[in-house]
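Numbering (numbering that gives the first Met the number 0), first residue to last: 0 to 315.
To keep things clear, I will list the structure first and then write my remarks on it.
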Amino acid sequence: MQSLITGIHHITAIAGNPQANIDFYTGILGLRLVKKTINFDAPGVYHFYFGDELGRPGTVFTTFPFTGARKGSKGAGEVTYTAFSVAAGSLDYWIERLKKFGVAVSDKLTRFGDQLIRFEDHDSMGIELIANDQDDRTGWSYGQVPIEHSIKGFYGATLNLRAKELTEKLLTEHMDYRFIGEENGRFRYGTAGKPGDIVDIVIDKSGSRGMQSAGTIHHIAFRTENAASQLQVQDKLMKNGYQVTEVKDRNYFTSIYFREPGGVLFEVATDEPGFAIDEDEAHLGELIKLPEWAEPNRKKLEESLIPVKLNVESYA
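Structure below.
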């Protein structure tokens, strides 16, 4: 039977200053800004999408940058680290690059046979780069990051939970995930078990709940092929007692949302139609794109948003 869910679609974070957000993810990390739009549920706030050349599912880290937002805190009931995939042998390059721009970075660590490094962005968002030779995706670069060291997309994400049993049941019985293994109290799950679909659960029985604000993950979205498969997922989840939203149109995909038992907000998003429906592929992310319902208020919305620009040439 074909899987309805095939891995991670995107991960969305809350950020602070919009320009600092763009500078970090495009300038330092080298991701492409594939879309500038608004938070459909809070139209006075940007929604940035960073990814590979086309913003393919499994590569897109998105942010809601709230100017002046206070720092959040990592804790139980949230995604605490987003892991990106890079080529084997790239970590020395990244350690040197991050230090060049004043980013504190860990020594090399090893997990499930792969080496990785940990650091935080300007808002204290937890990030990992995992070096591996199992990712055949082509990375993106504006030119300041050598393409051989560029980020290929997601490797996976870490869920920090007080217990794993109910979340594990959700993943393995209702979301096409399977248990891969355990290492040092970290429990790993995947669909195909490759970069782009990995979900790790770390148990924090006595941990305080995370406080969601700048520097924390708002939700993690999982991939499904199209609207038909999304409705199948929705029906399956609802029949098993999960409180799932109606289908929401996000222009570049459609979405359903629900809370997993540990408190993390899950989304299931369609691969279709993608980010090129309202911009030429060569010019993705250059203009502020609005959903049709917001166009009549474009002037007012644009006046409420702080102007931002790409500064990648400053990060060579």
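Glycine included, C-beta positions come from ideal geometry on N, C-alpha and C.
Assigned secondary structure, residue i (DSSP; H/G/I helix, E/B strand, else coil)
| i | result |
| --- | --- |
| Gln-231 | helix |
| Phe-23 | helix |
| Glu-127 | strand |
| Glu-52 | coil |
| Pro-64 | strand |
| Leu-32 | strand |
| Ala-315 | coil |
Cβ-Cβ distance between residue i and residue j below 8 Å
| i | j | result |
| --- | --- | --- |
| Asp-199 | Ala-75 | no |
| Leu-316 | Tyr-45 | For residue 316 there is no data in the structure shown, the boundaries of the chain being 0 and 315. |
| Arg-110 | Glu-167 | no |
| Phe-221 | Glu-259 | no |
| Ser-2 | Thr-157 | no |
| Leu-264 | His-218 | yes |
| Val-85 | Ala-130 | yes |
| Ile-197 | Gly-155 | yes |
| Asn-159 | Glu-77 | yes |
| Phe-153 | Ala-82 | yes |
| Gly-184 | Val-201 | yes |
| Met-237 | Val-246 | no |
| Phe-63 | Ile-27 | no |
| Ile-50 | Gln-143 | Before going on, a small fix: residue 50 reads as Gly here, not Ile. No, these two residues do not count as a Cβ contact at 8 Å. |
| Ser-123 | Met-210 | no |
| Gly-261 | Arg-161 | yes |
| Lys-163 | Phe-186 | yes |
Bridge partners - residue i, DSSP secondary structure assignment
| i | result |
| --- | --- |
| Tyr-251 | Partner(s): none; Tyr-251 has no beta bridge. |
| Asn-38 | Ala-41 |
| Thr-215 | Ile-13 |
| Met-210 | Ser-72 |
| Arg-222 | Ala-268 |
| Ile-305 | Paired residues: none, contrary to the question. |
| His-46 | Thr-36 |
| Ile-7 | Phe-221 |
| Val-59 | His-9 |
* To do: Output the residue ranges of the beta strand (DSSP E) runs that lie fully inside the region 254-285 and measure 3 residues or longer, sorted by chain position.
  => Here the runs fully enclosed are 264-269.
* Asked: Per the contact definition of three or more C-beta pairs closer than 8 Å, is the region 273-285 in contact with the region 221-235?
  -> Of all C-beta pairs linking the region 221-235 to the region 273-285, fewer than three are shorter than 8 Å, placing the two stretches out of contact.
* To do: Please specify which runs of the beta strand (DSSP E), each continuous and at least 3 residues long, are wholly inside the region 146-201, giving them in chain order.
  => DSSP runs (the beta strand (DSSP E)) wholly in the region 146-201: 152-160, 177-182 and 185-189.
* Between the region 145-157 and the region 89-109, do at least 3 Cβ pairs fall closer than 8 Å? -> As far as the Cβ criterion goes, the region 145-157 touches the region 89-109, which means the pair count is three or higher.
* Fully enclosed by the region 77-124, which alpha helix (DSSP H) runs are 4 residues long or longer? -> The region 77-124 contains these whole alpha helix (DSSP H) runs: 90-99.
* To do: Report yes or no: do the region 305-313 and the region 13-23 share at least 3 C-beta pairs separated by less than 8 Å?
  => Segments in contact, yes.
* **the region 93-107 touching the region 41-58, judged by at least three CB pairs closer than 8 Å** => Segments in contact, no.
* At least 3 beta-carbon pairs within less than 8 Å: the region 4-14 vs the region 52-62 -> Counting Cβ pairs under 8 Å, three or more are found: they touch.
* **Given 8 Å, three or more beta-carbon pairs between the region 249-256 and the region 112-128** => In the pairwise beta carbon analysis, the region 249-256 is classified as not touching the region 112-128: fewer than three pairs are separated by under 8 Å.
* Asked: Is the number of C-beta pairs between the region 284-298 and the region 32-39 that are closer than 8 Å three or more?
  -> Taking one beta carbon from each stretch, the region 284-298 and the region 32-39 have 3 or more pairs nearer than 8 Å; the two touch.
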